[in-house]
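Residue numbers (the working numbering), protein chains in the order written: chain A, 84 to 528; chain Z, 84 to 528. Each residue gets a CB set at the ideal place from its N, CA and C atoms; glycine is no exception.
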């Protein structure tokens, strides 16, 4: 029987197990943590995520999309909260287009159920990868009780996250392995905004809420039980930073003055402040992604910052890509891995470039009238000329255009808009005019 | 007594020991290799290097320059060898300016002698750093015989090279430590061109010889015994790459056709081909450089590719910088380390940017008539207006201008030259005309 080992039973690892078991592989998963279905969700992990088009495709290909749809909450747009508590709604796309709030733990548990249900997947929990033979496909592990084990198989997939043990013990010891980890200046802390006493939502359910405040922001995504998982992103150091929020009094003052409508809903914020740890955010790049019988997938290959909501979607798309190549090369893994890394690496870089770009957009531009005008003109133009112009956000979120392509196209579109907006006087008064439309069309030629 | 531990007894570590012992520190050096003075020089290590102005300053500050001058060979310029064996000499700077070929082992041995001579430096060989307590200044080591030791001191300096054990065991385990290692497509292999039977040099002694061949090149630096250490830089893969030179016949044909004058001097090249290993080349960046009582210096902080001949010089300049800050802050190491890393990091990046730039220059431009014309115009202009224009090579090699400044100025100069050369027709016929001079002066304003 064909055999595969997957290191990591997280989102990508458990989905990929479903794929492989469908293809007739006997799948062994080793996971250093306990079974998420029996334990508490690990504290501090971003416990909900936004599923979008790429993710759904990867789920639907192996028929698990519908099970996830049951636990997904559509978010039709951004709900912006200003300092006075005024709300502005910005739809994400055209009517009916949405991204979906899902619980990390919920999706993960479902996927594990499905993988195990097929009968040929076995998950070993509390088993840590301590070494790897990349060429011969042997994963060396150690259990919580100190027992040493090894798993040999035809192919090994490392879906063990940003600080991948397979990458660390294997690839990072190879000569000429390129690697970088770059932390951004901001960290994040999660806050749980509970449901009302009657279980209803304290905020509009079908939106992703944002409190943009220039150099920092608070966001909130709905959970099924009426609560919202909120995340505060801000710098570690400096004015308005995590280092200034070390006392209950400081936390209270900060929320009261900067997020008054949020504070009104959650006056006990200072008590809940340390329920979740302060976490850091990094972009991790590396290459090659495969060696011998072993391949990196998901965050292990291309961990990114969360500002485009594409980390999970990109990892799921890795499964789609790997699956297509499996078919194309008739499971000749040498060929599959070679093409996988050459073809997919630019998209790993692409999703990272896009995420960093959106970090700067959200940080510096989201409240800038010029930026908002640009987006308005783009949306208007795109509606009339969808064949010629898909807004970058839609390319990334609602299409299967390669990330690397979307990033390139986005930069070209941005240059065109900058030029048109600089050349047409008082463009804010005629943003939907024929003149503006013609100017963009001319640039597109 | 004030105490310091230095990890690594290489060029930077041993020079820094001289500095610290001069300042009254009891210095302990731990070095994982055997005593270089008693052992063979480690095979494959680039065994000569080019000392230039920054390096000399750091040596002279502690009075060891003159001892090194005795074993240094001035190289007044580049001697280019074309396919027909024709020679062209390009001086590096003004009359009397030179870079100096020195043997790595020779300089290192002398520096160890000097450090030990002061009486308060002790070097422990065959002792490997296996762990580090950055905050408390404790270096944990293991000897060849398996004995575990530890060295605690007031301050710790990691001068243990590109793959620094202190960085790996210490800094790289910190949250939010930025790190990258990026290998270039080229590797290198050394070749020793022996002296003539009578001990004389087979090539002009006072030059750095280059055989530029577009995508690859051979260089040669003189040694004291009449030999030259030669290095072939070329891609690992592709046409004209190391992967194509795996048989004696292939090596012979390659040298005969691409470096005929070299082949004539060394017809046994194929036999000597594997005397030295094939090595890879990387840029390693990281930050922060200091934590608690521990600081990274030299390659441990900013390993670079060798194409500007500045790796050692930059490491020595780290000593100058640290020394100046020691005086400024009266050996308050907390303040010294804080200012050292903030001030020096841009120059670590700078020397890397410059080295990568020169890699591309040597690879792609050094035989380009347009590039050579640009350099000729710059040299001519600079001679007349030294206050306004110092060629980039001179800034880097013959000045103490910060690397980060040199890199910025170099880019501005390049942009000016590109503009002037594009705007003046037939500039090759009037490169030293008033028109060109005025055009550059105008751009400089």
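Contact set for residue i: own chain, Cβ-Cβ below 7 Å, skip 5 residues either direction
i, result
"residue 125 of chain A", "With a pLDDT of 48 at residue 125 of chain A, under the threshold of 50, the modelled position of that residue is not reliable, and the figure given next carries that caveat. Here the set comprises 116."
"residue 271 of chain Z", "314, 315, 316, 362, 364"
"residue 324 of chain Z", "317, 318"
"residue 242 of chain Z", "89, 90, 91, 93, 95, 96, 99, 380, 381, 383"
"residue 504 of chain Z", "457, 510"
"residue 189 of chain Z", "154"
Own chain residues within Cβ distance below 8 Å of residue i, not counting five before or after
i, result
"residue 127 of chain A", "Because residue 127 of chain A sits at a pLDDT of 44, beneath the cut-off of 50, its placement in the model cannot be relied upon, and the following sentence gives the value as read from the coordinates. Excluding residues within five positions, the ones whose Cβ falls inside 8 Å are 273, 359, 360, 362."
"residue 403 of chain A", "137, 140, 141, 144"
"residue 328 of chain A", "334, 337, 356"
"residue 219 of chain A", "235, 375, 376"
"residue 260 of chain A", "254, 369, 370, 371"
"residue 527 of chain A", "471, 472, 499"
"residue 507 of chain Z", "513, 518, 519, 522"
Residues that residue i contacts on chain Z, provided the C-beta gap is smaller than 7 Å
i, result
"residue 482 of chain A", "What residue 482 of chain A touches in chain Z: nothing, since even the nearest Cβ is about 31 Å away."
"residue 261 of chain A", "264, 265, 266"
"residue 143 of chain A", "Ordered by position in chain Z, no residue passes the 7 Å Cβ test against residue 143 of chain A, which lies about 37 Å from the chain."
Residue i vs residue j beta-carbon contact at 9 Å
i, j, result
"residue 397 of chain A", "residue 375 of chain A", "no"
"residue 531 of chain A", "residue 411 of chain A", "This structure leaves residue 531 of chain A out entirely; chain A is present only between 84 and 528."
"residue 175 of chain A", "residue 480 of chain A", "yes"
"residue 164 of chain A", "residue 294 of chain A", "yes"
"residue 280 of chain Z", "residue 172 of chain Z", "no"
"residue 239 of chain A", "residue 217 of chain A", "yes"
"residue 419 of chain A", "residue 405 of chain A", "yes"
"residue 203 of chain Z", "residue 107 of chain Z", "yes"
"residue 432 of chain A", "residue 385 of chain A", "yes"
"residue 168 of chain A", "residue 305 of chain A", "no"
Cut-off 6 Å between Cβ atoms - residues of its own chain near residue i, not counting five sequence neighbours on either side
i, result
"residue 197 of chain A", "101, 147"
"residue 292 of chain A", "162, 286, 303"
"residue 475 of chain Z", "493"
"residue 331 of chain Z", "353"
"residue 105 of chain A", "145"
"residue 498 of chain Z", "none"
"residue 346 of chain A", "338, 339"
Terminal residues of the alpha helix (DSSP H) in which residue i lies
i, result
"residue 255 of chain Z", "First-last for residue 255 of chain Z: undefined, no H or E at that position."
"residue 216 of chain Z", "Element bounds for residue 216 of chain Z: not the alpha helix (DSSP H) but the beta strand (DSSP E), 210–216."
"residue 394 of chain Z", "394–411"
"residue 336 of chain Z", "331–341"
"residue 276 of chain A", "That residue, residue 276 of chain A, is in no alpha helix (DSSP H); its beta strand (DSSP E) goes 261–276."
"residue 190 of chain A", "187–200"
"residue 292 of chain A", "That residue, residue 292 of chain A, is in no alpha helix (DSSP H); its beta strand (DSSP E) goes 291–295."
"residue 180 of chain A", "First-last for residue 180 of chain A: undefined, no H or E at that position."
"residue 311 of chain Z", "Here residue 311 of chain Z belongs to no alpha helix (DSSP H); instead the beta strand (DSSP E) covers 311–318."
"residue 102 of chain A", "94–105"
Neighbour list for residue i in chain A, Cβ cutoff strictly below 7 Å
i, result
"residue 512 of chain Z", "Per Cβ cutoff of 7 Å: no residues; residue 512 of chain Z is ~38 Å from chain A at best."
Rounded Cβ spacing between residue i and residue j (contact assumed at less than 8 Å)
i, j, result
"residue 225 of chain Z", "residue 213 of chain Z", "5 Å"
"residue 135 of chain A", "residue 392 of chain A", "7 Å"
"residue 181 of chain Z", "residue 159 of chain Z", "5 Å"
"residue 477 of chain A", "residue 263 of chain Z", "Not a contact, Cβ separation roughly 33 Å."
"residue 110 of chain Z", "residue 207 of chain Z", "Not confirmed; about 11 Å, so no contact."
"residue 187 of chain A", "residue 132 of chain A", "6 Å"
"residue 194 of chain Z", "residue 300 of chain Z", "With 8 Å as the limit, residue 194 of chain Z and residue 300 of chain Z do not qualify as a contact, their Cβ atoms being about 30 Å apart."
Beta-carbon neighbours of residue i, restricted to chain Z and to distances below 9 Å
i, result
"residue 363 of chain A", "258, 259"
Boundaries (first-last residue) of the beta strand (DSSP E) holding residue i
i, result
"residue 116 of chain Z", "Residue 116 of chain Z -> no beta strand (DSSP E), and no H or E assigned at all."
"residue 131 of chain A", "131–134"
"residue 157 of chain A", "156–158"
"residue 519 of chain Z", "Residue 519 of chain Z -> not in any beta strand (DSSP E); alpha helix (DSSP H) instead, spanning 517–527."
"residue 428 of chain Z", "Where residue 428 of chain Z is concerned, there is no enclosing beta strand (DSSP E), although the alpha helix (DSSP H) it sits in stretches over 416–443."
"residue 498 of chain Z", "Looking at the DSSP string, residue 498 of chain Z is not in any beta strand (DSSP E); the run it does join, the alpha helix (DSSP H), is 486–506."
"residue 231 of chain A", "231–235"
"residue 302 of chain Z", "300–305"
"residue 478 of chain A", "First-last for residue 478 of chain A: 475–481, but that is the alpha helix (DSSP H), not the beta strand (DSSP E)."
"residue 120 of chain A", "Where residue 120 of chain A is concerned, there is no enclosing beta strand (DSSP E), given that its DSSP letter is neither H nor E."
"residue 172 of chain Z", "170–174"
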